[in-house]
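Chemist: The structure that follows is given in the form of structure tokens.
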Amino acid sequence: MTEFNELSRQFQISDLKEQRADLHFFHASKEHAVAVLTSLKEKYGYTHLVFFTVVDHLEKNEFHLTYMLHNYEKHHDMGVVVKIARENVQMESIHHLWPAAATYQQEIREMYGVEFPGSPGLYENFALEGWEDIPPMRRDFDTKEYSDKTYYPRPGRESHDPREYMKENLYPGEAETW
Amino acid sequence: MSDNMNDMDQIQLFNDQGRLLNAGLPDEEKALFCDAAPQVDAPYRGIWEKFLNWARSESLWILGFGTGCGAIELRPLMTSRYDMYQYGVQPRPTPRQAGLFIIGGYASVKTMKRIVRSYEQMQGPKFVLGLGSCTVNGGMYWDSYNTINRLDHYIPVDVYIAGCMPRPEALLAGINELKKLIKEGKGENANKYAENFEWYKRNQKKIIKDWNMPDYNW
Amino acid sequence: MVTPIVIIAAALAMAFLLPVLEKAGKGLIKTLSLLVLAGFFAASLSWVAQILQTGAIISQTAGFKAPVSINLSVSMMEATGLAVIYLVALLSGAFQIFVKKAVWQGKELSLYFALILGLSGLVMTRDLFNLFVFMEITSISLYGLLVSGRDERRFEGGFKYMIAGGLSSAFYLIGVAFLYRETGQLNLDIIVAQSGQANLYLPLLLLTIGILIELKPFPANGWALDVYESADPGTGAVISAMNTTALILVFMKLMPLLQAFGSGIVYAALIIAGLTFFLANLAGIRQTSGRRMLGYSSLAQTGLILFVLLSPSAGLSEERGLSIIASMLRLDTIEVIALALLINHALAKSALFWLTEFLKKDALHKSSEEGDYRGNRGWLIPAGMAVLALTALPPFPGFWAKWAVITSFGAAGNIGGIAVILIGSLLEVYYLFRWFIRTQAHGEDGGDVIAPQVPEDFAPEAAPAPAGLTIKPAWQIFAPALSIIILTSLGLAWAFLSLSGGQELLLLPLAALALYALFDLIALPFAVKNILAMAGLGGYAYLIYGELNNMTLIFGAVFIAGSLVQLFLLFNKRDKRSGLLPFLVMMILSLGNLLVFKSSLGFFFSWEMMTVSSFFLVIRGRQASRASLRYIMFSLAGAFMIMYALADGFRGPLTGLVFAIGLLIKMGAIGFHIWLPGAYAEAEDEVSTFLSSVLSKAGLFILFITAGIYGQTFFPGAGNAFLASIDINAILGWIGVITALAGAMMALFQEDIKYTLAYSSMGQIGYMILAFSIQSHLGWVTALYLAVTHLLFKGLLFMAIAGVIMRTGTRLMYQMGGLIKKMPISFISVLLAIIALSGVPPLTGFGGKWLLYSSLMEKGWYLHAGLAMFSSGVAFLYLFRLIHTIFLGQPKTGMFENIKEAPIWGLIPQAIFMMVIMGFSMFPSLLIKPLQAAVEMVYPAAAEGVAWQGSTVLSSLGYWNGSAVMYVTMGVFLIPLAWLMIVNGRIQKVKQFNIVFAAERPYKPETTHYAYNFFSHYQKALGFLVEVRAERFWTMIRKSTDALGGLVRRIYSGNAQTYAFHIIIFVILFHLLAGGTF
Amino acid sequence: MLTSILTKALYTLISFFVILNYSLLLLGTMARVRAKVQGRIGQPVWQPYIDIIKNNARRSGVTHGIMFYLGPVFRLAGGLGTYFFIPVIFGSKIFANFSFSGDVLLVMYFIFFGQLGMALGAGESGHPYSPIGVARGLAQMTAFELPFSLAVIAVAAQYGSFSITEIVAAQQGGWQNWVAFTNPFAMAAGMLAFLGMSMNNPFSIVIAPQEIPIGPPTEMHSSFLGMLQTNRAIFNGAKMVLFMNLFFGGAAHPNIFIALGIMIMKTFLIYLYVVFVGVSFPRFRTEQSIRFFLGVPTLLGLIAVIQQMI
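Residue numbers (the numbering used here), protein chains in the order written: chain A, 1 to 178; chain B, 1 to 218; chain C, 1 to 1078; chain D, 1 to 310.
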């Protein structure tokens, strides 16, 4: 992976992983991530930001930010993973590289609470309107509890495992055949 | 709904003047909206009202609210196989002219706001048909942070149709049930909404935090 | 009574004494100079008085008779010419002394007197050699004056002047020498008396060339321009007014000689004069320097005077004023004409030169912001009057003289002469008015017709800044003011003489102008002035009422009564609005005078007065500079065509056509319409209604009455087989219907409400032309019906819109919206107006449509009828847009929060018009029957016309009962209304944002109000029909004229050698033209 | 005098009653026809009645202002007036209506009355779709008005009269005297224009539910809407009667019931033609529609007119 090798001379990057022949992932440090992305875009032809997302690793107490880039000439995807601590999360914005990134960042801010200083429209409503609790996609947010508290659960509702329920109630005689 | 109707403990919604805290509209916009409260319109009595109810039941104009997955079931209803027109049911593109509001499945907080607005913009008498389990008890989204569980806490529902998804036949059955109700003179939920306006508003405002509309959308 | 020699002596004495006396005190010499100059003027006047009694004054210098001594002779021509020269000399001197204190000292004054000495001698002497001496004196003193400033360019100008002067003197002197050899005489009278035995071609040629060069003929006049441009304004006035006058008088002295001995030379001079007039004007349009432009104008005017003098047919006019003056002064008519042109030019041009003194910058560019002299009345009034005088508009002497010339040419069949004069004049009009308009333009002027430029803000008009003008204190303006006053009084005197034969009424507009200007001057409150205006109009109506017949009565009602009602609107605002009422009343009275004139001159005079007054009304608009220039250009072009036709007496084959085109221009028919939208729209809001609803009918009226007066000869076609083979009425009909369609189409795509209405007026006029051209009883009733109803609803619309614009401060429709709640009465009047205009029953507009289609069908013009229906559909589109975007939809919350209904004074005339509309709608016979009576003068047989059966009007094709329609409509309206009120449940009144909005809510009225580019789909489908073709065509004409002007101008390189070369070319050219050979 | 007024009022009522019921039933029938084309059963024939009753029975409503309130009234007045100015049955006193007030020009221009009023009412609602719909409708109207007026002119020129009664009278005596056969180009132009006038597909650009649901009456509801629906029926009827009179010989028979039968048959066929075209073609865009009407239909109209000129 020549790009990785060349970049690793300059930046703190590590853990190259080949998912497929046309898809690689590597990790970048929080400080160097944007520089790495810039290089990939400007120098190595990864001009397309396919997506930008966050995974909440509550156990490790960190967020994994994943930037997925695509190179049209080589038909190759490159995922850049950035680990950042869950406390006081902030990340540099990349809207200057891809204007569309502002929308990803707006969503991530709303759903995970990751701040991107300087990103346009960061604090505007994305999917939620007037959300006041902790960001709902964080894994320490208890959605069941919130729903019970807020949305008037209908009393007497039971939840069943559909497979078991159907076996028992709808097709009692045919259970063995399944 | 009666179980929660007097349950006012969760959040404070009214200030000392009896005004909603979550009034939403900035002062400069208040002049742009009429915020008169809804009123109860008493039905006529006797055979005349029966006649009118017959006409209402035989001419149901649908406002379909199609952000939930159930809305997909409305289309076959219009086409030749089910042909709702033969039952006096027609789609209508604007709430002003429609009399039957069909909520096509789950309603998130964001869509709830639009549902309330559209419902209030319909002219009475008006009827609501909750389509699918999600409107009954939240369905598969029952524990979601963003999806309501019981539609009847926010707007009065005349008929629920359970199922995930209910087929067009079920929808037709629901419509027939609604017709029966209307003919019996039980389709007075618009008045119920007006009577219990504060309760409905409280429930609505509890979830809709970004309330940038008047308290009643004329 | 002084003998002429005394003048020469006194001038000489002053020239010598002044440098000496300067030691005694500057005040002394200034006072003394002025006194002496005043004395000169008085002397010249006394000569006039004496000549009237005793005949020419002949002063023999040495006490002997000619040829032994030199004769000074002052006849009437010389005396009056000298009076002009001395008057300008006096004013110029005073101007230089008092206004430009630093410029003229003893030295310059001394030169000035030398100059006057020279000029006086030139005029008086009868000796050819003596003439040469005076020419030299003039040249040298003038040169001295020219270079007396510090400006470097002046030396250059002066140098060129010296070269030219030297050449001309040389030619002259040689000519004199030859002449002496041939005749042995130097005395002019004696030479003339010896009838030609000798061949005097060469001497006379040289003599003429010498004098002509001084008179700056084409192409040998480049030097003069540099002189004009570089000279200070006072000197410019001196050259232009005094020098030219004197030299023309000299030329007139030589005329008998030329006529007696050299017809070739006369011919050559005539050609050269015509060329000079035409080409100087052509070159003039390229000038940006005001003084240089005035210089071109001077050249042109000189050319014009020579052209008139030399034209064999000039002076045949039987104009009443002219013959009175001629017999009074015992002059030939041609001399009177020349004298009038001389006086006109000298006084107006010198006034303009003086006025340029006050401009901060001489050059006026298109986007120049220095041009903002608006509001400086002290400057604008004399400048405007001087421009009017120079362009020969009434009431100045130039107008009468030009009329006399054109009618003489017409009588003699000299169409070429008429063409040269009128086309040249039109060019002169163009640059003079452009200059005048730019001096008072409001910075950038918008008003692009198809894509209106959106003015950024609509802040109320700031008080006019005193930008660039330095008139302080006010008396500084005395010199131009005085000369204009004198000029005006002369013009008025002539006007009185001309019109005294029973047409004194036609002078009323001028009286009104003066009277209401006086009211402005003494700062009467506007309301008082307006009441006086109404009273005046009422009195006027009473005065002319007796003279009206059926036809003129209808137009009288439109012109006078219509205006009278609309005058209420002017009470709207409280500010002074000086100048509005004088011109408005003048315009209305001129319109009224069109009803009662008794001669061609009376008609043309009133027509021009109407043009002038309406021009000044248009130019009052904030951004009207471009529109007003177009307006005056097209109006005058039309007027000149009319003038040609009148002068020709409708004899020539094409005359009727030219006349009709002149009227079509005035009506804004398709092709000539480009002046119309700007003029109607950019005028002040209160004025637009007068222009659009009242003034627009003038052309139509003249069409009617000329068709009546001239009957079949109106469109004769006699003697021209081709013309006879086409039916001009058919062409008129097509023009009318296309105008209607184009007007409606263009109204459709305007964002500016006033442009919409202006184009709408154009379309409506198109219908009137169409109906007129049907030339039948029913057609004419239709045209009149349309004219009257158009007055009603267009007046209503413009007045209501004036109120809206006043309240909202914008003319752009999409910026308004939802005003029905704020201005309900205005809404109702617009509603009534658009129902009426679109022809929807039951209102009166339907009658117009019904009559129109009936008459078109009767005539067999089915295609016209189809197109007319199509355009009435299109009209429906813009009318809906108009009422919707202004009154319906979303009110703009921020801008128009506290808008009130229009002032009551705007509503009163609207209410009156509404009542009239309702009355005519209920009882159409009230309107149609008088129209029938009017038409019966020309189309007496009502066989194919309109018949009545009760309240049903019948045409040969259909029927219409206005009253029944009204009742049925009321019935079908009121019964459903009652039904609705019964069955309606509880109805909640809601506010503007309570609309269904796809389950959202609106955030801004601006984005919720569908108003901008309303008919974009229509533009997609049919927009190609309204591409700016006519505008492009006229722009092309303007540009190519401009380019031609540039080409002509380019020969004036500014190089002294080139100029000398020009003179040589001129000499050769002249020789060839005169029939000479080498 | 009084008796004549009362008689006239009675006649008017009868005429109104006939046209209201006939055109409501016609609307219902045509909805059935459309349903059949689409393979549906379709709504009951009397559905328009129920809809109107229901709308009038709505208990609440909103008004945006006086013009909004009056808009439907104007509209219905326009429809009624158009109908009342047309003689429905040739030679019948009862169904002559108020045709003595004016000729075909009056009818043509009175059509605008309701449209203008409705446009104003819709405009005051403040909803952007309303003026968009109106702008589209007016634009299309100018376009189909051209062939229509050419057709009318051709007919008027043919018979030398603008009077509808006279035009009908001239067509009596057998189908071969109808304008449709004596002046087929005028008929063709007029009937093409009629497609636009009836606002069915492919010219349903005004209420275009996909883009500007549903155009001008977006804010109309309750009894306002009921009134508009009533007008829709009557106005339709009036226009068809007009076209029947202009091109298809009108309805004339000594027996008034047979004459009514003829009227019903002819207008039914005219409307069937509109519905037939409507179900067969998709909708035009506005500018396409304008260009369409200024193309072939106008050409046909021109031919008809020129035929009369030479």
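Heads up, the beta-carbon is just placed ideally off N, CA and C, and yes, glycines get one too.
Ends of the beta strand (DSSP E) at Pro91 (chain B)?
Modeler: Position 91 of the second sequence, counted from the first residue, corresponds to residue 91 (chain B). Per DSSP, Pro91 (chain B) belongs to the beta strand (DSSP E) from Val89 to Pro91.
Chemist: Name the chain B residues that come within less than 8 Å of Leu128 (chain A), Cβ to Cβ?
Modeler: Counting from 1 along the first sequence, the entry for residue 128 (chain A) is found at position 128. Ordered by position in chain B, the residues that pass the 8 Å Cβ test against Leu128 (chain A) are Val109, Lys110 and Asn146.
Chemist: Can you tell which of A:Tyr67, A:Asn61 and A:Asp161 has the C-alpha that lies nearest to the C-alpha of Gly79 (chain A)?
Modeler: Your numbering for residue 79 (chain A) matches position 79 in the first sequence. The residue with the shortest Cα to Cα distance from Gly79 (chain A) is A:Tyr67.
Chemist: Determine which residues share a DSSP beta bridge with Phe101 (chain B) and list them.
Modeler: In the second sequence, counting from the first residue as 1, residue 101 (chain B) sits at position 101. B:Leu63 and B:Val128.
Chemist: Quick check on DSSP: helix, strand or coil for Trp131 (chain A)?
Modeler: On the first sequence, residue 131 (chain A) is found 131 positions in, with the first residue counted as 1. If DSSP states are grouped into helix, strand and coil, Trp131 (chain A) belongs with coil.
Chemist: Which class does Met122 (chain B) belong to by DSSP, given the choice of helix, strand or coil?
Modeler: Reading the second sequence from its first residue, position 122 is the one you call residue 122 (chain B). The answer is coil: DSSP assigns Met122 (chain B) none of H, G, I, E or B.
Chemist: If distances are taken between C-alpha atoms only, which option among A:Pro162, A:Glu73 and A:Phe141 comes closest to Gly45 (chain A)?
Modeler: For the purposes of this step, residue 45 (chain A) is taken as the residue at position 45 of the first sequence. It is A:Glu73.
Chemist: Can you pull the chain C neighbours of Gln39 (chain B), defined as C-beta to C-beta under 8 Å?
Modeler: Within the second sequence, residue 39 (chain B) is the residue found at index 39, counting from 1. Correct list: Arg986.
Chemist: Check whether the Cβ of Trp142 (chain B) lies closer than 8 Å to any Cβ atom in chain A.
Modeler: Here residue 142 (chain B) is taken as the residue at index 142 of the second sequence, counted from 1. By this cut-off, Trp142 (chain B) is an interface position.
Chemist: Is it the case that the Cβ atoms of Asn984 (chain C) and Trp218 (chain B) are separated by a distance below 8 Å?
Modeler: Taking the third sequence and counting its residues from 1, one reaches residue 984 (chain C) at position 984. Taking the second sequence and counting its residues from 1, one reaches residue 218 (chain B) at position 218. In this structure, Trp218 (chain B) does not lie closer than 8 Å to Asn984 (chain C) by Cβ.
Chemist: Quick check on the DSSP output: what are the complete alpha helix (DSSP H) runs of length 4 or more inside the region 158-227 of chain D, in order along the chain?
Modeler: 164-170, 179-182 and 184-197
Chemist: For Gly278 (chain D), which residues of its own chain have a beta-carbon under 6 Å away from its beta-carbon, when the five flanking residues on both sides are left out?
Modeler: Along the fourth sequence, read from residue 1 onward, the residue named residue 278 (chain D) stands at position 278. So the list reads Asn200 and Asn201, once near-sequence residues are dropped.
Chemist: Does any residue of chain C bring its CB to less than 8 Å from the CB of Met78 (chain B)?
Modeler: Position 78 of the second sequence holds residue 78 (chain B). Chain C contact via Cβ: absent.
Chemist: Quick check on Pro216 (chain D) - is its C-beta less than 8 Å from some C-beta in chain B?
Modeler: In the fourth sequence, counting from the first residue as 1, residue 216 (chain D) sits at position 216. It does not; no Cβ of chain B falls within 8 Å.
Chemist: Counting along the chain, where does the alpha helix (DSSP H) carrying Lys144 (chain A) start and finish?
Modeler: In the first sequence, counting from the first residue as 1, residue 144 (chain A) sits at position 144. Counting along the chain, the alpha helix (DSSP H) containing Lys144 (chain A) begins and ends at Thr143 to Thr150.
Chemist: Within 8 Å of any Cβ in chain B, is that where the Cβ of Asp445 (chain C) sits?
Modeler: Counting from 1 along the third sequence, the entry for residue 445 (chain C) is found at position 445. At Asp445 (chain C), the pLDDT of 44 sits below 50, so the modelled position is not reliable; the number obtained from the coordinates is stated separately. No, because no Cβ of chain B sits closer than 8 Å to the Cβ of Asp445 (chain C).
Chemist: Around the Cβ of Ala37 (chain B), are there at least 16 other Cβ atoms within 10 angstroms (buried) or fewer (exposed)?
Modeler: Position 37 of the second sequence holds residue 37 (chain B). So Ala37 (chain B) counts as exposed.
Chemist: Is it right to say Asn231 (chain D) is buried, meaning 16 or more other beta carbons lie within 10 angstroms of its own, or is it exposed?
Modeler: Counting from one through the fourth sequence, the residue named residue 231 (chain D) turns up at place 231. It counts as buried.
Chemist: Name the chain C residues whose beta carbon is nearer than 8 Å to that of Ser118 (chain B)?
Modeler: Taking the first residue of the second sequence as position 1, residue 118 (chain B) is located at position 118. Within 8 Å Cβ-Cβ: Val996 and Ala999.
Chemist: Could you run through the region 66-98 of chain B and flag, in chain order, every residue whose CB is less than 7 Å away from some CB of chain D?
Modeler: Ser80, Asp83, Tyr85, Gln86, Gly88, Pro93, Thr94, Arg96 and Gln97
Chemist: So, is Arg32 (chain D) buried or exposed, given that buried needs 16 or more other C-beta atoms within 10 angstroms?
Modeler: Position 32 of the fourth sequence, counting from 1, holds the residue named residue 32 (chain D). Arg32 (chain D) is buried by the Cβ-count criterion.
Chemist: I want to know whether the region 86-98 of chain C touches the region 25-45 of chain C - three or more CB-CB distances under 8 Å.
Modeler: Short answer: they touch.
Chemist: What alpha helix (DSSP H) runs, 4 residues minimum, are completely inside the region 75-141 of chain C?
Modeler: 76-94 and 106-124
Chemist: What's the call for Lys17 (chain A), buried or exposed, on a 16-neighbour Cβ count within 10 Å?
Modeler: The residue given as residue 17 (chain A) occupies position 17 in the first sequence. Lys17 (chain A) comes out exposed.
Chemist: Taking Lys209 (chain B) as the query, report the chain A residues whose CB atoms sit under 8 Å from its CB, ordered along the chain.
Modeler: By one-based count along the second sequence, residue 209 (chain B) stands at place 209. Here the neighbours are Glu129, Gly130, Trp131 and Glu132.
Chemist: Which runs of the beta strand (DSSP E), 3 residues or longer, sit entirely within the region 848-886 of chain C?
Modeler: none
Chemist: Could you spell out the range, first to last residue, of the alpha helix (DSSP H) harbouring Ser49 (chain A)?
Modeler: By 1-based counting over the first sequence, the position of residue 49 (chain A) is 49. Checking the sequence, you will find Leu at residue 49 (chain A) rather than Ser. It is not in any alpha helix (DSSP H) - Leu49 (chain A) instead sits in the beta strand (DSSP E) that spans His48 to His57.
Chemist: When you compare each of A:His75, A:Leu69, A:Tyr165 and A:Arg109 to Ser39 (chain A) by their alpha carbons, which one comes out closest?
Modeler: Counted from its first residue, the first sequence places residue 39 (chain A) at position 39. Comparing Cα positions, the closest option is A:Leu69.
Chemist: Residues of the region 21-51 of chain D in Cβ contact with chain B at a cutoff of 8 Å, in chain order, please.
Modeler: Ala31, Ala35, Gln38, Gly39, Arg40, Ile41, Gly42, Gln43, Pro44, Gln47, Ile50 and Asp51
Chemist: Per DSSP, which one or two residues make a beta bridge with Thr952 (chain C)?
Modeler: Within the third sequence, numbered from 1, the residue matching residue 952 (chain C) stands at position 952. C:Gln949 and C:Asn961, per the DSSP bridge assignment.
Chemist: Please report the distance separating the alpha-carbon of Thr3 (chain D) from that of Leu25 (chain D).
Modeler: For the purposes of this step, residue 3 (chain D) is identified with residue 3 of the fourth sequence, where counting begins at 1. For the purposes of this step, residue 25 (chain D) is identified with residue 25 of the fourth sequence, where counting begins at 1. Taken atom to atom, the span from the alpha-carbon of Thr3 (chain D) to that of Leu25 (chain D) is near 33 Å.
Chemist: Are three or more beta carbon pairs between the region 748-756 of chain C and the region 895-907 of chain C nearer than 8 Å?
Modeler: no
Chemist: List the endpoints of the continuous beta strand (DSSP E) containing Ser60 (chain D).
Modeler: The residue labelled residue 60 (chain D) in the question sits at position 60 within the fourth sequence. Unbroken beta strand (DSSP E) run through Ser60 (chain D): Ser60 to Thr63.
Chemist: In this structure, how does DSSP classify Leu888 (chain C) when only helix, strand and coil are distinguished?
Modeler: Position 888 of the third sequence, counting from 1, holds the residue named residue 888 (chain C). Residue state, collapsed to three classes: coil.
Chemist: Under 8 Å between the Cβ atoms of Val305 (chain D) and Gly866 (chain C)?
Modeler: Walking along the fourth sequence from the start, residue 305 (chain D) turns up at place 305. Walking along the third sequence from the start, residue 866 (chain C) turns up at place 866. Going by C-beta atoms, Val305 (chain D) is nearer than 8 Å to Gly866 (chain C).
Chemist: Beta-carbon within less than 6 Å of Arg881 (chain C)'s beta-carbon, same chain only, minus the 5 sequence neighbours each way: which residues are those?
Modeler: Taking the third sequence and counting its residues from 1, the one referred to as residue 881 (chain C) is at position 881. Phe1014.
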